[in-house]
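Enquirer:
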Amino acid sequence: MRKVLFIAHFFPPIGGAGVQRPVKFVKHLSSFGLDPVVLTEEAQPGSRWKPEDLSLLADIRSETVVHRTVWSVPPPGSPPRTIREARYAAYLDAGAHLIQTHRPDVIFVTMSPFGDARIAAALAHQFRIPWVADLRDPWALDEVQIYRSRWHRRRERLLMQHSLASAASIILNTPEAATRFRQSFPQLAERARVSITNGYDVEDFRGPTPSNSPTQFTIIHSGYLHTDIGLHQCRNWWLYQCLGRIEKGIEILPRSHFYLMQALERWLQEDPTIHNTVRLVLIGVTSRADRELVHNSSARELVEFIGYQPHAECVRRIETADVLF
Numbered sequence: 000m001r002k003v004l005f006i007a008h009f010f011p012p013i014g015g016a017g018v019q020r021p022v023k024f025v026k027h028l029s030s031f032g033l034d035p036v037v038l039t040e041e042a043q044p045g046s047r048w049k050p051e052d053l054s055l056l057a058d059i060r061s062e063t064v065v066h067r068t069v070w071s072v073p074p075p076g077s078p079p080r081t082i083r084e085a086r087y088a089a090y091l092d093a094g095a096h097l098i099q100t101h102r103p104d105v106i107f108v109t110m111s112p113f114g115d116a117r118i119a120a121a122l123a124h125q126f127r128i129p130w131v132a133d134l135r136d137p138w139a140l141d142e143v144q145i146y147r148s149r150w151h152r153r154r155e156r157l158l159m160q161h162s163l164a165s166a167a168s169i170i171l172n173t174p175e176a177a178t179r180f181r182q183s184f185p186q187l188a189e190r191a192r193v194s195i196t197n198g199y200d201v202e203d204f205r206g207p208t209p210s211n212s213p214t215q216f217t218i219i220h221s222g223y224l225h226t227d228i229g230l231h232q233c234r235n236w237w238l239y240q241c242l243g244r245i246e247k248g249i250e251i252l253p254r255s256h257f258y259l260m261q262a263l264e265r266w267l268q269e270d271p272t273i274h275n276t277v278r279l280v281l282i283g284v285t286s287r288a289d290r291e292l293v294h295n296s297s298a299r300e301l302v303e304f305i306g307y308q309p310h311a312e313c314v315r316r317i318e319t320a321d322v323l324f
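Below, the structure is given as structure tokens:
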């Protein structure tokens with residue numbers, strides 16, 4: 000079986016959106032004759048972007064090698080570059096050790112963080128093996144990515160082009176992202192012919208389907224909301240446009256429950272009886288702005304926050320939804 004050095008910053012027991020794709024890749028690569036050797040870092044779950052989900056460990060075969068890099072974090076107040084370089088050096092050392100021990104045929108790096116392309120490229124150059132970039136988001140082409148200025152956006156595009164220049168293959172997560180990548184970087188177009196969309200694992204849905212309540216209409220959202228970023232953009236719209244901080248015509252607030260709450264308020268006003276029959280269930284880690292938006296709404300009693308749930312429980316709950324938001 001051919002071996003793959005699989006570099007993934009987000010990996011169980013960390014949960015959340017960024018983990019789903021890497022863990023399912025690792026789970027199913029063996030079905031295609033590939034044996035992954037995982038390079039990640041020591042899990043430190045608990046932050047908003049790194050909730051703990053021990054249930055995802057069940058997707059990793061017992062024989063899969065998972066190396067968790069430990070690196071010394073520079074003291075508080077250190078420049079971001081110092082932190083990046085410390086992490087980079089630790090990953091290079093760990094990656095070199097794994098390559099010498101397991102002799103992988105290819106390096107596969109799933110991003111973000113996008114700086115991990117530099118790690119994969121350096122290891123590939125040192126050991127003369129190809130590397131593959133998997134972009135879970137389209138990096139500098141991401142329309143909702145916010146930059147300090149138009150100049151910073153252009154600089155990030157140049158960094159993206161330079162970082163991916165030596166990749167043997169570049170995978171995007173939607174056909175549209177792949178098309179835009181080829182248009183933006185024609186010199187790399189031949190390497191970006193593949194898009195692998197975010198799908199689902201049929202094994203997650205093999206249990207008995209939970210029954211829906213016949214008397215309740217349930218709307219469920221699972222994942223992050225971006226109320227704080229969206230409201231900040233609205234308050235500073237002209238500044239964002241003048242500085243080129245975000246692409247024209249892009250509004251972040253629809254990636255929250257802001258407009259859905261307005262719709263529920265109007266629906267409740269027109270038909271007060273929905274108070275007993277309609278529920279909006281928000282699953283996942285929420286911010287203060289996410290919760291305040293609901294607290295200040297006349298439709299707040301229709302909403303239920305249930306926090307982050309283990310993957311299996313999250314799947315069970317979304318199966319009970321009448322509508323997924």
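Numbering of the sequence shown is given in numbering that gives the first Met the number 0, commencing with residue 0 and proceeding in unit increments.
Beta carbons: idealized from backbone N, C-alpha and C, even for Gly.
Hey, residue 68 and residue 93 are a contact pair by Cβ (cut 8 Å); roughly how many whole angstroms apart?
Expert: Contact flag correct, Cβ pair sits at about 4 Å.
Enquirer: Pull up the distance between the alpha-carbon of residue 297 and that of residue 267, whole angstroms please.
Expert: About 8 Å.
Enquirer: Give the DSSP-derived three-state secondary structure of residue 230 in the structure shown.
Expert: If DSSP states are grouped into helix, strand and coil, residue 230 belongs with the helices.
Enquirer: In terms of residues, what are the limits of the beta strand (DSSP E) holding residue 7?
Expert: Residues 1-7.
Enquirer: Taking the alpha carbon of residue 291 as the reference point, which residue from 280, 263, 279, 257 has its own alpha carbon closest?
Expert: Selected option, being the one with the closest Cα: 257.
Enquirer: Starting from residue 116, follow the alpha helix (DSSP H) in both directions and report where the run begins and ends.
Expert: 115-126 is the extent of the alpha helix (DSSP H) around residue 116.
Enquirer: From the DSSP output, read off the bridge partner residues of residue 110.
Expert: Paired residue(s): 134.
Enquirer: Is it the case that the region 161-171 contacts the region 187-196, given that we only count it when at least three CB pairs across the two stretches are under 8 Å?
Expert: Judged by Cβ distances under 8 Å, the region 187-196 makes contact with the region 161-171, as three or more pairs qualify.
Enquirer: Taking only runs of the beta strand (DSSP E) that begin and end inside the region 251-323, which ones reach a length of at least 3 residues, in chain order?
Expert: 277-282, 302-306, all fully within the region 251-323.
Enquirer: Comparing C-alpha positions only, which one of 78, 106, 71, 104 sits nearest to residue 328?
Expert: Because residue 328 is not part of the residues shown, which for the chain are 0 to 324, the question remains open.
Enquirer: Can you tell me which of 128, 172, 240 puts its alpha carbon nearest to the alpha carbon of residue 145?
Expert: Residue 240 is the option with its Cα nearest to residue 145.
Enquirer: Nearest to residue 254 by CA position, among 142, 42, 106, is which residue?
Expert: If we check each option's Cα against that of residue 254, 142 comes out closest.
Enquirer: Just to confirm, are residue 38 and residue 0 a CB contact at a threshold of 9 Å?
Expert: No, the pair does not count as a contact, with Cβ atoms beyond the cut-off.
Enquirer: Is the region 228-247 close to the region 177-189, with three or more CB pairs under 8 Å?
Expert: They do not touch, by the three-pair rule.
Enquirer: Pick out whichever of 56, 204, 36, 159 has its Cα sitting closest to the Cα of residue 99.
Expert: Residue 36 is the option with its Cα nearest to residue 99.
Enquirer: Thinking just about the alpha-carbon of each residue, which of 79, 264, 230, 270 is nearest to the one in residue 251?
Expert: Here the closest residue by C-alpha is 230.
Enquirer: Among all the DSSP beta bridges, which residues are the ones paired with residue 35?
Expert: Paired residues: 3.
Enquirer: Can you tell which of 315, 270, 260, 318 has the C-alpha that lies nearest to the C-alpha of residue 294?
Expert: Selected option, being the one with the closest Cα: 260.
Enquirer: For residue 149, which residues in the same chain have their Cβ closer than 7 Å to its Cβ, ignoring the five residues on either side in sequence?
Expert: 242, 243.
Enquirer: What do you get for residue 365, buried or exposed, if any count of 16 or more other CB atoms within 10 angstroms of its CB means buried?
Expert: An answer regarding residue 365 cannot be provided, because it is not within the stretch 0 to 324 covered by the chain.
Enquirer: If you run the structure through DSSP and keep just helix, strand and coil, what is residue 100?
Expert: It is helical.
Enquirer: Looking at the structure shown, is residue 151 part of a helix, part of a strand, or coil, going by DSSP?
Expert: Reduced to three states, the DSSP call for residue 151 is helix.
Enquirer: From what residue to what residue does the alpha helix (DSSP H) around residue 196 run?
Expert: Per DSSP, residue 196 belongs to no alpha helix (DSSP H) and is neither H nor E.
Enquirer: Hey, residue 52 and residue 25: beta-carbon distance below 9 Å or not?
Expert: No. Outside cutoff.
Enquirer: Taking the alpha carbon of residue 15 as the reference point, which residue from 318, 309, 158 has its own alpha carbon closest?
Expert: Answer by Cα proximity: 309.
Enquirer: Verify whether the separation of the beta carbon atoms of residue 315 and residue 209 is less than 9 Å.
Expert: Yes, these two residues count as a Cβ contact at 9 Å.
Enquirer: Put residue 29 into one of helix, strand or coil per three-state DSSP.
Expert: Helix at residue 29.
Enquirer: How would you write the range of the alpha helix (DSSP H) that residue 178 sits in, first residue to last?
Expert: Unbroken alpha helix (DSSP H) run through residue 178: 174-183.
Enquirer: Does any heavy atom of the ligand SAM sit closer than 8 Å to the C-beta of residue 110?
Expert: For the structure depicted, the ligand SAM is absent and the ligand set is empty, with no information on it obtainable.
Enquirer: When the Cα of residue 273 is compared with those of 218, 63, 66, 27, which residue comes out closest?
Expert: For the residues 218, 63, 66, 27, the minimum Cα distance to residue 273 belongs to 218.
Enquirer: Any contact of the region 100-107 with the region 72-82, i.e. 3+ C-beta pairs under 8 Å?
Expert: Counting Cβ pairs under 8 Å, fewer than three are found: no touch.
Enquirer: Within 10 Å of its beta-carbon, does residue 324 have 16 or more other beta-carbons around it, so buried, or fewer, so exposed?
Expert: That one is exposed.
Enquirer: Could you check which residue in 320, 322, 227 has the C-alpha nearest to that of residue 285?
Expert: Answer by Cα proximity: 227.
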